[in-house]
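The sequence shown lines up with residues 6 to 233 when you count with the working numbering. Note that the Cβ used here is the ideal one computed from N, Cα and C, for glycine as well. Computed from a predicted model, the values in this text were never measured in an experiment.
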Amino acid sequence: MGLDWAALEQGLHRVALQKTVAIMAEHPGHSFYGLALHGVPTEEDGELILPVLALNSQQALARDLSDDVDDDDDEDEDDWTEEEGGDYRPPPLDGSDPEDDDGDDEDEDSDEDDDDPEDADEDDGDGFYSRRWDPTEWHWSAVPLVDDAAAGVWERAFAAEVQAEGWEATAQRYYELMIRVIKDLRQELVATKGVELVCFVADDDHAERLLKASLSPHQLAQHFPELV
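Have a look at this one:
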């Protein structure tokens, strides 16, 4: 007997919905904006496993970003602390290297590369590649959908399916299933909770392709116009 794909789809949908509703109920003052399923390997040498649920709100994002700024400030203060027994000189205000008064063309080129505006565009703001849309950086970033025992049962079923049908065919069918789950979750949350989240399947190797498959054309144009 092969993997019961229907049971898997129904189970993922049911549990992901329950977990999402529970988290939202625990934080009634939060404006939730994103939901993702992620954590499934996409390399052929990786074992297929169940995804984890990620969820984030505007308030949680703002708080986490604020915490990061505070951490950076603490690190800056540490830079000004003289090491015991050392000959400490505070860095000059012009940003030059006190150990190299003559400068270094190679270092300047390196600094220019680090400050590449194109890199900044990818990392900052609200675009798809910003922290706002990275499920691994969300406040609720890895909510398990089943316990370890149940996860083990499904992983063995995945392994048997891969052996019978091949890794590529099994992985493709699995990702198509997760996309259906995500779309159903979005529709059900709209119908039952009156909230429309940006729901998508995420991974590093096929990020944009999976996003476009997960969202409605309206959501894609509204939230990620750079990808339309």
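- Within the DSSP secondary-structure output, Val57 pairs in a beta bridge with His43.
- In the three-state scheme derived from DSSP, where H, G and I count as helix and E and B as strand, Phe133 is classed as coil.
- Contact between Ile184 and Ala218 holds: their C-beta atoms lie close to 5 Å from each other, under 8 Å.
- By the Cβ neighbour-count rule, Val206 is buried, with 16 or more other Cβ atoms within 10 Å of its own.
- The beta-carbon distance between Leu202 and Arg191, rounded to whole angstroms, is 6 Å. This is short enough to meet the 8 Å contact definition.
- Here the region 18–27 does not lie against the region 169–183, with fewer than 3 beta-carbon pairs under 8 Å apart.
- A straight line joining the alpha-carbon of Glu49 with that of Val26 spans about 34 Å.
- Comparing alpha carbon positions, the residue from Ala155, Gly39, Leu40 and His32 closest to Ala12 is Ala155.
- Separation of Lys188 and Leu60 (C-alpha to C-alpha, rounded to the nearest whole angstrom) is 15 Å.
- In this structure, DSSP gives Phe229 a state outside helix and strand, which the three-state scheme calls coil.
- Unbroken alpha helix (DSSP H) stretches of 4 residues or longer found wholly inside the region 133–188: 153–170, given in chain order.
- A Cβ-Cβ distance of about 6 Å is found for the pair Leu55 and Trp159, placing them in contact under the 8 Å criterion.
- Within its own chain, the residues whose Cβ lies closer than 7 Å to the Cβ of Val195, once the five positions on either side in sequence are excluded, are Glu201, listed in chain order.
- Linking Gly16 to Asp152 through their CA atoms gives a straight-line distance of about 13 Å.
- DSSP, read as helix, strand or coil, puts Ser62 in strand.
- Within the model, the alpha-carbon separation for Ala30 versus Asp69 is close to 20 Å.
- Each of Ile28, Asp209, Gly51 and Trp10 was checked against the Cα of Tyr134, and the nearest Cα belongs to Asp209.
- Spanning the alpha carbons of Ala67 and Cys204 requires a straight line of approximately 20 Å.
- In this structure, Glu213 and Gly132 do not form a Cβ contact; the two beta carbons are roughly 11 Å apart against a cut-off of 8 Å.
- Val200 carries a coil assignment under DSSP once its states are collapsed to helix, strand and coil.
- Contact between Phe37 and Ser71 does not hold, since their C-beta atoms are separated by about 18 Å, which reaches or exceeds 8 Å.
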